[in-house]
Amino acid sequence: MKLFFSPASPFVRKVMVCALERGIDGQIDKLGSAAHPINQDAAIKAHNPTGKVPTLVADDGMAIYDSRVICEYLDSVGAAPGLFPAAGQDRWKALVLHSAADEMLDAALLARYETVARPEALRWADWHGGQITKIHTTVKAYSEEWIGHLENRLDIGTVAAAVSLGYLDFRFPDIGWRNGHARLAAWYAGFAERPSMKATVPVG
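Per our numbering, the sequence shown starts with residue 1, numbered consecutively.
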C-alpha cells in the first residue's frame with residue numbers, strides 16, 4: 001500500500017495511528033506530497049480528484065479516500081483486533097465520536113487557513129470565531145458526554161478524539177483546551193503515551 005503523506009496533517013496521523021495499533025504500518029509506503037488547499041499536488045490528483053491527503057493506493061491499485069474510509073479499509077487488513085466495533089450500539093458510538101472528531105478538525109483547519117492562507121485583507125473575523133467556537137463545544141462534549149467512552153475503549157472514535165486534541169496542542173496551543181476539563185486532560189495524557197501516538201507526533 002502507498003499513502004500520500006503529510007507529517008502535519010491530523011487526518012494522516014489518524015490513519016497512521018490506526019495502522020500502528022493494528023500492526024500493519026510496515027505494509028504502508030509513505031509518499032511525500034505537497035497538498036495545499038489552493039495549489040494542489042498533481043501526483044495526488046491522479047488518484048484523488050480533491051488532491052487531499054491522506055490518499056491511499058491499495059496493493060491492487062485502487063485509490064481509497066478520505067481518512068474515514070481509509071481507516072475502515074485498514075481495519076480489514078490483517079488479523080489484529082479491529083478498531084471498528086461490530087454492528088450494535090458500540091459501533092454507532094464509535095462512529096459518531098469519530099465524526100465529531102473529524103468535524104472539529106475540519107473547523108480547526110478552516111480556522112488555520114483563514115489566518116495563514118487567506119490574504120489579510122480578505123480575512124473574516126466572525127468566520128474564524130465561529131470555527132473556534134466549534135472547537136470549544138466539541139471539547140466540552142468530549143469532557144461531558146464522551147468521557148466514559150474515552151476512558152474505557154480503544155476504537156476508531158477514541159483514536160480520532162485523541163488525534164484531534166493533539167492537533168489543538170500542535171496548532172492552537174493558545175486555546176487552552178485543558179482548562180476546565182481535568183478528567184479529559186488526564187485521559188489524553190495517558191492515551192498520548194501509546195506508542196502509536198508517540199510515533200506520529202505532527203511536525204511542520
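Just so you know, even glycine gets a beta-carbon here, dropped at the ideal spot from N, CA and C.
- In the pairwise beta carbon analysis, the stretch 69–77 is classified as touching the stretch 11–19: at least three pairs are separated by under 8 angstroms.
- Residue burial is scored here from C-beta neighbours: residue 21 has at least 16 other C-beta atoms within 10 angstroms and is therefore classed as buried.
- Residue 52 and residue 31 have their alpha carbons spaced roughly 13 angstroms apart.
- Between residue 33 and residue 43 a beta carbon distance of about 6 angstroms is seen, short of the 8 angstroms cut, so the two are scored as contacting.
- Under the three-state reduction of DSSP, residue 50 is assigned to coil, being neither helix nor strand.
- A distance below 8 angstroms between beta-carbons, with the five flanking residues on each side excluded, links residue 171 to the following residues of its chain, in chain order: 108 and 112.
- With a contact defined as Cβ atoms closer than 8 angstroms, residue 115 and residue 128 qualify at about 7 angstroms.
- Ranked by how close their Cα comes to the Cα of residue 86, the residues 193, 156, 24 and 150 have 156 in first place.
- Taken in chain order, the complete beta strand (DSSP E) segments of 3 residues or longer contained in the stretch 31–100 are 55–57.
- Non-local beta-carbon contacts of residue 59 in its own chain, meaning distances under 8 angstroms to residues more than five positions away in sequence, involve 1 in chain order.
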